[in-house]
Structure formats: structure tokens, C-alpha cells
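Asks:
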Amino acid sequence: MVSIRQETQAEIVDIINQAIESKTLPNVVFGVTSAEKELIFAHAGTRVLSEPSSGYVDKDTIFWMCSMTKMVASLALLQLVDRGKVSLDDAASQYLPELANLRVQYRTTDNTIATKPAEKQILVRHLLNHSSGLYYSEIGDMDANLVKPYTCIYNKQDDIKVFAELMKPLRFEPGTDFAYGFSTDFAGFVVERVSGQSLEEYLKENIFDPLGITSASFFLTPERKSRLIELCYRNQDGSLTRWDDQLRITPQDPELVNICFAGVGMYCSMKDYLTILRHLLQLKAGTAEKPLFKPETVDLIFQPSLTEKGGASLSSAMENIFTASQHSLALALNMTDWNGMRKSITGWWAGWAGTFFYIDTKTGIASVIGTQVVPALDGKIIELSTRLEQLVYSGLGNTAFKIGDYPGAVGHYTEAILADRNDPTFPLNRAAAYLKLGKNEDAERDCTTVLRLNSSSVKAFFRRSQARVALRKLSEARQANLHVLSNLDLTDALKFEPTNTSARNELEKLEQLISAEQAKRSKTASLPTSVSLYSASRSINESSPKRRRVPITIVEPAALHVFENPSPKTTLPPPTKADSRSDTLTPISSGPLKGPIPAKPSASATPSASSLSEMPQTSQVASMTSNRSAEANSFQEAKRARDGTKTARVGGGIFRSSGDNTVFPMRESAASPLYSKIESPSTNAGFKSRDLAYPVNVSITNGSTRSPITMFSFTKAWESNRSTEERWKLITSISPTNIPSMCGSSLEPAQFISIMDVFLQVLEGNGKDEMTKTVIREYLRSFGSVPRFTTLLLFLSEKEKGLVQQLWNALEVVTLQGAWVSLGK
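The numbering used here puts the first residue of the sequence shown at 16, with every later residue one more than the last.
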């Protein structure tokens, strides 16, 4: 059974109240129903703008439904089809002679508009899906006055005839296209001619009374008028003023209403309109006790009926405000899911004065929302309607979770995340569902995302701790590391909420688990580090090797040419797949070297970055000389040369480019800067970094950072290394060419921004030198090739876009290319 949690309902009420208190809207009534019952009704504001004495709106308040009348009138005609009194393929002129002998407009050779006799007849089905060619001639003025035929005064004797005479020639041959207009009004006239009743009488007897609807009518009786919301007018500056006949509208005096306009004329409460939608849900679900339609007729209500050209015209007519590409015989239909909102084949429409509805039979809900603000399609009510719909669907995820439908909950939360990536609630809730499904890695990733958005989220700390403790199938070393991180999460959670019993109990269990594992491992080996179980601090054992920061040195490949007596080019075997004993990839050089390897460095060379091979080797690193090419006769020899105790492993720091296999020893520094210094060789003052195909090489003394092979392993390493220097080493341990394949479609905006922030900090810390710029530019180019990167950029906030813009400016990039173009300059 579909339901909306109390927390979601409370949030909906708060949002509506805020819209009224901020004077964004004068009043709002919002309701949601399932096939079984009403799920929520929320309302706020006064019946008359800023006049509490007029009374406050509620679910029984009367609205002028305008074009939401169309669905109800279409149901009336479909009911006659259902009962066999009318056929969809009957010519409309069979019931309405006024629609015989019509003319259709066309453009002449001299580009003028002329008319000619229509070759096709208007069928009954054409009146139901707006493919008759009858159109609102003043459609461009729909944001102002109602079209003229609706604002005229008619006599009862010749009403339909006079109305028909006001119609312009058909826009196109019937059945070939879509044009929003008077089709539904003529559908209502067919109902009257066939039934012998007015549309008011037919609807009351055959639809309203059977459903218990009392407010719906084409006539404003004194009682209904006392409950009617007064129109408001939105000024150009965005302010609201009371209604003072600023626009032409239909006559509201019952004495002047001689035509029941099936296109715009009905008044109704939101409660009663929602009752009609609920019955349609019941019909679709097969649970209606007294169905008003046969199943095959119900199918027609949710079945596309336009030609391909007609669907395109419908989308164009809505000016991309709504994603609609089809129309049934009663409703507009969106043919795809809306992210975090309604599903495909959801029926919907809107009213000229600010009313909207949708009916999602796949999810099993329908909704109405309304105010009374003109001109048409007021942006504020559309914005509010969208936000409330997102909340409703996110609340459905909570409902699925509550009843144990965890896969369904994940689906709902995922849609909500796609709709709003800046709301931490959705990934936090999805993490809970992942935990229930045993998908602990996914749960940990979602919690990490939440903490990027809200660093004090106790639930995120707690759930991430649960996920990390549950990841016990990994190696013991990694498991111990995860337990340390879990300890930190629980400690942080208690820091924000000292009285959180769940976090404290979980911490006690975790401490017992860590103690047991430490005791188990102490029988075979002693650990170099110890972990404080009651705080977030880590201490280094006295017997542990001391850690020290060292600078990073980048060497431009062209600098290799300064050596004397260059040796022939050397080719290493191509790189292989990841070592089966490791979960990381170690970069391997392949292909011919771009620069020759020196047999012997110049004696006069200065100890610059281009002649570092002259410097003494340290215990951590040794330079590779020209005889390395001889050692690389086989892959195993090359691997030993790369990984041996006297050869530097290329790990932390900038990756080795595929065109060069030389590793240089690092200079040790007693006092390292905050960011590892990238040193440009003195021989390259005229170096043009933008012409380089790949970043330049680097070697480091503590090459402990290994290149991750999956986005998950990268994310885990990224979160465990909080310093800018460590994160810089991690990201630059990955070749730019491997960035797209590693990220896949898993790169999230928050993580992307944290990487950009590291780039910016390192760039500024190194004085914006050219070598640093070269490296970062290459990584930015590679990120532009990440799958769905353009979509990722669309979800960045303005502040995040500003950070990226700041980085581009620091890199002195003038023109964006590729996927980056969508970010703008």
C-alpha cells in the first residue's frame, strides 16, 4: 500500500507555508491520493489576497479549473463511446453539422496564407486528442487574455453555431498533427447532442453523482462563489495584486453562461477533482467497486494516440516547460520517467489560472495543486509543484523501506538523488537501504557523499561505521584499516551527539572487535602502529620507521636531450594486466622512448632537475642509467628493474608517462613545504606546456601511493588521506589516460569538486609555475572524457562552478573544449 511518511508530510506543509509567508504565492492547495485513499492534503493562504477576513483556503475551496476541464469532458465522451452510443471513427459532422465543409489553411508560393477545402473529415477521436486542426488562433497571446471565443456572450438559441463561426480555418488536415485549441469544446457539444442533456447535466448524472462529487459545476451559484478563490495578477516586477479585470476571462455570472465550455468552464474543489483521479487509479488497478468505464476504455485514457509529428508539435507547444511528447484520448502523457518524479505514461495537464494535476498509474498515485494567479503558467507555482512532487516521490522511498521493499526504496532514492544532488537526505536514506541489502560498499560510498554535503551528519557517521565493520571479507590489513576508520566515524558521531546511545553501543562493540583482532594478530607479528580506541587520534610506535615529507620533482621530457652521448632508443614490453596479488595497477612504460637515455652525464652539468642522475642514490631510490635498456630484455627483468630494492617504484606523485622509462632520484629536504614542490628544469624557460601530450615525469623517495584500479578503491583511499599533499599524490598516481575508465559513470559531483580543490591548492602552493599547470591541464582534459561528464557538470552548484572557474582562470585557459564547454566561461 502506498503511503507518505509523516516526516515528508510535515516538510510539505512547511514548504507551502514558506511560499505563503514569503508572499511568493497568495494561496496553495495541494493533495495526493492513492487508489485506496487520500494520502495528504495541505493548504495555506487566504481566499482573497492578503485579506484574512475572507477566510483561509482548504481542500473544499472552489477553483476555476480552466483547461483541467478538458479531461473531465473527454471522459464524458469516452463514456458514450464505452456505451456504444458513439464511435471514435465517426465523423464529428454526423453529430455536429457545424463541422461539415471545413477549410484548411496553407501557404502559397508568394508566402501568403490562403485556404482550401479540407480533404479529410474531423473524426470523434480527433476531438479527443487535439488533432482536429481546430486551434487557439491567439495561442501566442495565451499568457495574457483568454482567446476571444471564450470571452463572448452567447444566446441559448444559436450558441454552438455562433461559436463555430468564430473558429478560424483548420491549421492542418484532421488527424495529421497536434494543435492545442477548441477540440474539447466540440467534444462537449457531441456529448450534449447525443445525450440530449447539457454538459452540466450529463456530468452530474453520469460522473459527479456516482463519485460523490458536489462542488463541480459550470455555474457559480452563490454558495460556490462564497468558496471561490479570487484571481490574483502577477505584475512584471513579480509582485501580486488583487484581481481588477486586468485580462479578459469567461463570464462568471451564471445568467450569462449559455455555453458549457468543455475546454475552460468548470469550477471545482481540489478534493473533488482528486476524487476523479482516484477513480481512474482504481480503474487501472482493477479495484473500482462501481467502475464508470470498461477496461478497454481505461486503456485508451493512458495510450498514446498522436502521430510522430503530432507528438513533436505537442512538445513544442509546451515550450519545454513540461516534458510531454504524446497525448491520449484524454490526457497529455510523458513518455519517459522524470528524474525523481513521475514515471513514464503518466497523464497530466494544467489550467490557465494556476492549477495542475498528474496521475501516475505505475507508482499508483495522483496529485493536484492549485493557486489562482494569472497570466498563465506562473513560474512560482510551477517551481513549487516540482519541488513538492520530488518530495512525494522521495517519501515513497521511505514507505518502501518501511515495508521491507529495500530494492524499491533504492530505486526511489536514486531517482531523488538524480533530481537533487545537493540534498544529503536522499543518499543517507539510500545508504540505509543498501545496508539492509548487504551492499556495504555502496552504503559506505553514499555516507561519504552525505558527509561532503553535511560534515556533522551523525546518521552518516553511524551508517558508514556499520558499513565498514560489515566489510569483513577483505584482507586482514585492510579490515583493520576499515575498523580504524569506523572508530573515527563513531567518535565523530558522539562528538556531535554525546547522548547518542546507538553510536556509543556500536563503539563499544567495535572496540571489542578491534581488541580481539589485535590479540589474534599479535601472536604472529607486531604492528608498527597502535590505535587509540577512545579518540580519533593515531600514534606512531617508537619502533616504527619515521615518516618524512619530501618534495616532488617534475622533469620535463625534453630536458633529456641535454645529456651527452645519447644511447639508442629503448623499447620495454607492453604493460600487462593488474598483478593478481594486488588490487592496484602499477604504471609501466611502453613503446619507444621520446628522449634518448644518456650513457654518461656531462661532468659540467649542474645539479638541476635535468641532471639529477649525478646525485647519490638513497636507500629508497636509485637512478636508472643507460644500461637499463640492456636489463630489459625480458618482461620479468624489466619488472625487477621497476620494482626491485634498488629501483624506485613509481607510485605516489605524478605518474610516469608512457613515453619515458627514466626514474630520477629525489633530493631530500629537511623542511618540506605544505605542498610538495614541483620544480621546473632550468633548461626549459621557453617550455610551452600546452603543447605537451602528457604530463611530465616524477620520482619520489617514499613511493608508497599505489594507483587504484576502481573508483571504489580510489574513493576509499581518497577519504583515508585527508591532507592535500597525500591526495595530490593519490590522484597523480593515476595516468590521465586511465581516468575515464577508472571513473566510469561513478564519479559524483562532490568528489569531482574535491579533486578540483586539491588541484587549485597545489597550483597556488607552487606559485602557479608552468610545470604544475601542465600536469593539471592534462588531468582536466582527461576528466572531460569521463562518461556522462556533461551531465555531471549540470549538477554543480553555482559555488562549485565558481571553484572550477577559479581553477581554469589560474591555469590561464581562454577557451573551453569538449565536454567542458557545457560549463561555460
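Ideal Cβ placement from N, Cα and C applies to all residues, glycine included.
Kindly confirm or deny that the stretch 818-826 and the stretch 772-783 touch, where touching means at least three C-beta pairs closer than 8 Å.
Replies: yes
Asks: If contacts are defined as beta-carbon pairs under 8 Å, then VAL119 and LYS131 qualify, I think. What distance do you get, rounded to the angstrom?
Replies: What you label residue 119 is simply residue 104 of the sequence shown in a count that begins at 1. What you label residue 131 is simply residue 116 of the sequence shown in a count that begins at 1. Indeed, because the Cβ distance is near 6 Å, the residues count as touching under 8 Å.
Asks: Please state whether DSSP places ASN42 in a helix, a strand or coil.
Replies: Along the sequence shown, read from residue 1 onward, the residue named residue 42 stands at position 27. Three-state result, ASN42: strand.
Asks: Using DSSP with H/G/I as helix, E/B as strand and the rest coil, what is TYR373?
Replies: In the sequence shown, counting from the first residue as 1, residue 373 sits at position 358. Reduced to three states, the DSSP call for TYR373 is strand.
Asks: Cβ atoms of SER320 and ASN144: under 9 Å apart, would you say?
Replies: Locating residue 144 in the sequence shown gives position 129, counting from the first residue. Locating residue 320 in the sequence shown gives position 305, counting from the first residue. Against a cut-off of 9 Å, the Cβ pair of SER320 and ASN144 comes out as a contact.
Asks: Is the distance from the Cβ of ILE222 to the Cβ of LEU90 below 9 Å?
Replies: Taking the first residue of the sequence shown as position 1, residue 222 is located at position 207. Taking the first residue of the sequence shown as position 1, residue 90 is located at position 75. Cβ atoms of ILE222 and LEU90: closer than 9 Å.
Asks: Please report the straight-line C-alpha distance between LEU185 and GLY227, rounded to a whole angstrom.
Replies: Sequence index remark: in the sequence shown, residue 185 carries index 170 (1-based). Sequence index remark: in the sequence shown, residue 227 carries index 212 (1-based). Distance between the alpha carbons of LEU185 and GLY227 is about 39 Å.
Asks: Using 9 Å as the threshold, is the C-beta distance between LYS240 and GLN267 below it?
Replies: Position 225 of the sequence shown holds residue 240. Position 252 of the sequence shown holds residue 267. Cβ atoms of LYS240 and GLN267: closer than 9 Å.
Asks: Under three-state DSSP, which class holds ALA520?
Replies: As a first step, residue 520 must be located in the sequence shown, where it is residue number 505. Position check: residue 520 holds Asn in this sequence, whereas Ala was assumed. Helix.
Asks: Looking only at C-alpha atoms, which of ASP457, ALA447, ASN170, PRO310 sits nearest to ALA415?
Replies: Within the sequence shown, the letter at position 400 stands for residue 415. Residue ALA447 is the option with its Cα nearest to ALA415.
Asks: Flag this pair as yes or no: are the beta carbons of ALA231 and LEU218 separated by less than 9 Å?
Replies: In the sequence shown, residue 231 corresponds to position 216, counting from 1. In the sequence shown, residue 218 corresponds to position 203, counting from 1. Going by C-beta atoms, ALA231 is nearer than 9 Å to LEU218.
Asks: Residue range of the beta strand (DSSP E) that TYR121 falls in?
Replies: Residue 121 sits at position 106 when you count from the first residue of the sequence shown. Taken as a continuous stretch (DSSP letters only), the beta strand (DSSP E) holding TYR121 covers 118-122.
Asks: Roughly how many angstroms lie between the CA atoms of SER68 and ASN250, to the nearest whole one?
Replies: Residue 68 sits at position 53 when you count from the first residue of the sequence shown. Residue 250 sits at position 235 when you count from the first residue of the sequence shown. Approximately 24 Å, taken between the alpha carbons.
Asks: On the DSSP bridge list, what partners appear for ILE137?
Replies: Locating residue 137 in the sequence shown gives position 122, counting from the first residue. The partner list for ILE137 (beta bridge, DSSP) is empty, contrary to what the question assumes.
Asks: Going by DSSP, what residue range makes up the alpha helix (DSSP H) through PRO310?
Replies: Locating residue 310 in the sequence shown gives position 295, where the first residue counts as 1. Run containing PRO310: 310-316, per the alpha helix (DSSP H) assignment.
Asks: Which of helix, strand or coil does DSSP assign to LYS131?
Replies: Reading the sequence shown from its first residue, position 116 is the one you call residue 131. Of the three classes helix, strand and coil, the one that applies to LYS131 here is strand, per DSSP.
Asks: Cβ of LYS289 within 9 Å of Cβ of ALA381?
Replies: In the sequence shown, counting from the first residue as 1, residue 289 sits at position 274. In the sequence shown, counting from the first residue as 1, residue 381 sits at position 366. Here residue 289 turns out to be Leu, not Lys, going by the sequence shown. In contact: LEU289 and ALA381 (Cβ atoms closer than 9 Å).
Asks: Quick check: what's the CA-CA separation for LEU246 versus ASN170?
Replies: The residue you call residue 246 lines up with position 231 of the sequence shown. The residue you call residue 170 lines up with position 155 of the sequence shown. Rounded to whole angstroms, LEU246 to ASN170 spans 27 Å at the Cα level.
Asks: DSSP state of THR61, grouped into three classes?
Replies: Sequence index remark: in the sequence shown, residue 61 carries index 46 (1-based). Residue state, collapsed to three classes: strand.
Asks: Enumerate in chain order the residues of its own chain whose CB-to-CB distance from THR76 is below 7 Å, with the five nearest sequence positions on each side excluded.
Replies: One-based indexing of the sequence shown puts residue 76 at position 61. Excluding sequence neighbours, THR76 sits near VAL44, ARG62, ARG242, ILE244, SER284.
Asks: Counting pairs of Cβ atoms below 8 Å between the stretch 367-377 and the stretch 293-302, do you hit three or more?
Replies: yes
Asks: In this structure, does DSSP put ILE693 in helix, strand or coil?
Replies: One-based indexing of the sequence shown puts residue 693 at position 678. Low confidence applies to ILE693: its pLDDT is 40, below 50, so where it sits in the model is not reliable, and the reading given next is rough at best. In the structure shown, ILE693 sits in coil (DSSP, three-state: anything other than H, G, I, E or B).
Asks: Tell me whether TRP835 sits in a helix, a strand or coil according to DSSP, three-state version.
Replies: Position 820 of the sequence shown, counted from the start, is the residue given in the question as residue 835. Three-state DSSP puts TRP835 in a helix.
Asks: Of all the options TRP367, ALA365, PHE371, GLY379, which has the alpha carbon lying nearest to the alpha carbon of LYS358?
Replies: Counted from its first residue, the sequence shown places residue 358 at position 343. Checking every option, the nearest Cα to that of LYS358 belongs to GLY379.
Asks: When we look at the beta-carbon of ASN520 and count the other beta-carbons within 10 Å, is it buried (16 or more) or exposed?
Replies: Taking the sequence shown and counting its residues from 1, one reaches residue 520 at position 505. Answer is exposed; the Cβ neighbour count stays below 16.
Asks: Taking 9 Å as the threshold (C-beta atoms), are LEU181 and CYS167 in contact?
Replies: Residue 167 sits at position 152 when you count from the first residue of the sequence shown. Residue 181 sits at position 166 when you count from the first residue of the sequence shown. Yes. Within cutoff.
Asks: Identify the continuous alpha helix (DSSP H) that holds ASN824 and give its terminal residues.
Replies: Residue numbering aside, residue 824 sits at position 809 when the sequence shown is read from its first letter. Element bounds for ASN824: 813-825.
Asks: Taking C-alpha atoms, which residue in LEU255, ASP252, MET281, THR256 lies nearest to THR265?
Replies: For the purposes of this step, residue 265 is taken as the residue at position 250 of the sequence shown. Closest option to THR265, judged by alpha-carbon separation, among LEU255, ASP252, MET281, THR256: MET281.
Asks: What three-state label does DSSP hand CYS167 in the structure shown?
Replies: Here residue 167 refers to the residue found at position 152 when the sequence shown is read from its first residue. In the structure shown, CYS167 sits in coil (DSSP, three-state: anything other than H, G, I, E or B).
Asks: Would DSSP call SER230 helix, strand or coil?
Replies: Indexing the sequence shown from 1 puts residue 230 at position 215. Three-state DSSP puts SER230 in coil, outside helix and strand.
Asks: Do you know offhand how far ILE360's Cα is from ARG263's?
Replies: Taking the first residue of the sequence shown as 1, we reach residue 360 at position 345. Taking the first residue of the sequence shown as 1, we reach residue 263 at position 248. About 35 Å.
Asks: Does the Cβ-Cβ distance between ASN736 and LEU745 come in under 9 Å?
Replies: Translated into positions along the sequence shown, residue 736 becomes position 721. Translated into positions along the sequence shown, residue 745 becomes position 730. Taking 9 Å as the Cβ cut-off, ASN736 and LEU745 qualify as a contacting pair.
Asks: Under the DSSP definition of a beta bridge, which residues are partnered with SER402?
Replies: Position 387 of the sequence shown, counted from the start, is the residue given in the question as residue 402. For the record, residue 402 in the displayed sequence is Arg; it is not Ser. None; ARG402 has no bridge partner.
Asks: Please classify SER547 as buried or exposed, where buried requires at least 16 other C-beta atoms within 10 Å of its C-beta.
Replies: As a first step, residue 547 must be located in the sequence shown, where it is residue number 532. At SER547, the pLDDT of 33 sits below 50, so the modelled position is not reliable; the number obtained from the coordinates is stated separately. By the Cβ neighbour-count rule, SER547 is exposed, with fewer than 16 other Cβ atoms within 10 Å of its own.
Asks: VAL473 to THR516, Cα distance in whole Å?
Replies: Counted from its first residue, the sequence shown places residue 473 at position 458. Counted from its first residue, the sequence shown places residue 516 at position 501. Spanning the two alpha carbons is a distance of roughly 12 Å.
Asks: Which residues in the same chain have their Cβ closer than 8 Å to the Cβ of ASP105, if we skip the five residues on either side of it in sequence?
Replies: What you label residue 105 is simply residue 90 of the sequence shown in a count that begins at 1. The residues are LEU138, VAL139.
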